[in-house]
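Peer 1: Below is one structure. I have some questions about it.
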Amino acid sequence: MPGRGALIVLEGCDRVGKTTQASKLLEKLQHRGIPTQLLKFPDRSTSTGQIINSYLTRKMDLPDKTVHLLFSANRWESEPQMKKLLNSGVTLIVDRYSHSGVAFSAAKNEMSIHWCYQPEIGLPKPDLVLFLTLNETAISKRSGFGDERYENSEFLKKVASNFQRLKDDAWKIIDADKDIETLNKELLLHVEKVIESVKDTHLSYFDP
Ligand code: FDM
Numbered sequence: 269m270p271g272r273g274a275l276i277v278l279e280g281c282d283r284v285g286k287t288t289q290a291s292k293l294l295e296k297l298q299h300r301g302i303p304t305q306l307l308k309f310p311d312r313s314t315s316t317g318q319i320i321n322s323y324l325t326r327k328m329d330l331p332d333k334t335v336h337l338l339f340s341a342n343r344w345e346s347e348p349q350m351k352k353l354l355n356s357g358v359t360l361i362v363d364r365y366s367h368s369g370v371a372f373s374a375a376k377n378e379m380s381i382h383w384c385y386q387p388e389i390g391l392p393k394p395d396l397v398l399f400l401t402l403n404e405t406a407i408s409k410r411s412g413f414g415d416e417r418y419e420n421s422e423f424l425k426k427v428a429s430n431f432q433r434l435k436d437d438a439w440k441i442i443d444a445d446k447d448i449e450t451l452n453k454e455l456l457l458h459v460e461k462v463i464e465s466v467k468d469t470h471l472s473y474f475d476p
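According to this note's numbering, the sequence shown holds residues 269 to 476 in order.
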């Protein structure tokens, strides 16, 4: 029995390098013969993802709670496939997941963290959350914002403080102010340890 795969999530604020690190992890794990797939949320290719994309690129306005539930529905669309892959031994590297869902929506003031968390209950719970951080000076040296919704410093400060409230034992806080390869080696150490330690355990789920 190969055992189950690990659910590994990369989180953090904008421009910390999550997407680059996620694809490098995929490449390295596959190279080592560890069955791995990459997922990204929001998944803009699905039916809910297309509405989310129109919202993020400002082609469409929607009430805040509606958008929140769409982001969650976008994860639920992938849930059957995620469970199937994890239980068949495939490790998933996920670029943003439920914690982004809660931290971003709760930064709008209209919804509490508790309210935002409710639709996530029952989704597979990450075995490891690699939370990448950068200090203000390091962030300002990276390329600027695009013009999608949420790309402004004031809002992202609130998001960052919400993330701090969501931490649990599965989180590793990683200083991302390093070159790409050094950072990737550090992440890989955590990832390999978790893959090994969860393979004979049951998948867990976000609980009430
Ligand atoms: N975002 C992302 C949310 O507001 N809720 C969510 O559930 C998720 C997964 O969407 F500003 C926000 C975070 C970001 C935007 O994400 C698009 P990417 O990673 O830039 O595509």
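The beta carbon of each residue, even a glycine, is placed where N, CA and C say it ideally should be.
1. Hey, A274 and V466 are a contact pair by Cβ (cut 8 Å); roughly how many whole angstroms apart?
2. Using the DSSP secondary-structure output, state which residues sit across from L278 in a beta bridge.
3. So is the beta-carbon of L324 under 7 Å away from any non-hydrogen atom of ligand 1?
4. Can you tell me where the beta strand (DSSP E) holding K555 begins and where it ends?
5. Once DSSP output is grouped into helix, strand and coil, what is the label at Y473?
6. Can you determine whether any heavy atom of ligand 1 sits closer than 7 Å to the C-beta of R410, and answer yes or no?
7. What distance in whole Å lies between the Cβ atoms of F309 and N342, which are believed to be in contact at a cut-off of 8 Å?
8. Find out if the Cβ-Cβ distance for the pair K351, L471 is shorter than 8 Å.
9. Just tell me which of N403, V335, S346, I407 has its CA closest to the CA of P392.
10. With DSSP as the reference, identify every bridge partner of K308, one or two as the case may be.
11. Give the C-beta separation of L297 and T359 to the nearest angstrom, bearing in mind that I take them to be a contact with Cβ-Cβ under 8 Å.
12. Taking 8 Å as the cut-off, does the region 417-425 touch the region 284-298 (at least 3 CB pairs, one atom from each stretch)?
13. For the alpha helix (DSSP H) containing I319, list its first residue and its last residue.
14. I think T401 touches G280, with their Cβ atoms under 8 Å apart; what is that distance to the nearest whole Å?
15. Going by DSSP, what residue range makes up the alpha helix (DSSP H) through I448?
16. Where DSSP assigns a beta bridge to D443, which residues make up the other side?
Peer 2: The relevant details are as follows:
1. 5 Å
2. D363, L398
3. yes
4. Lying before the first or after the last residue shown, residue 555 is absent from the chain, which here runs from 269 to 476.
5. strand
6. no
7. 6 Å
8. yes
9. S346
10. D363
11. 6 Å
12. no
13. 315-324
14. 6 Å
15. 448-466
16. T401
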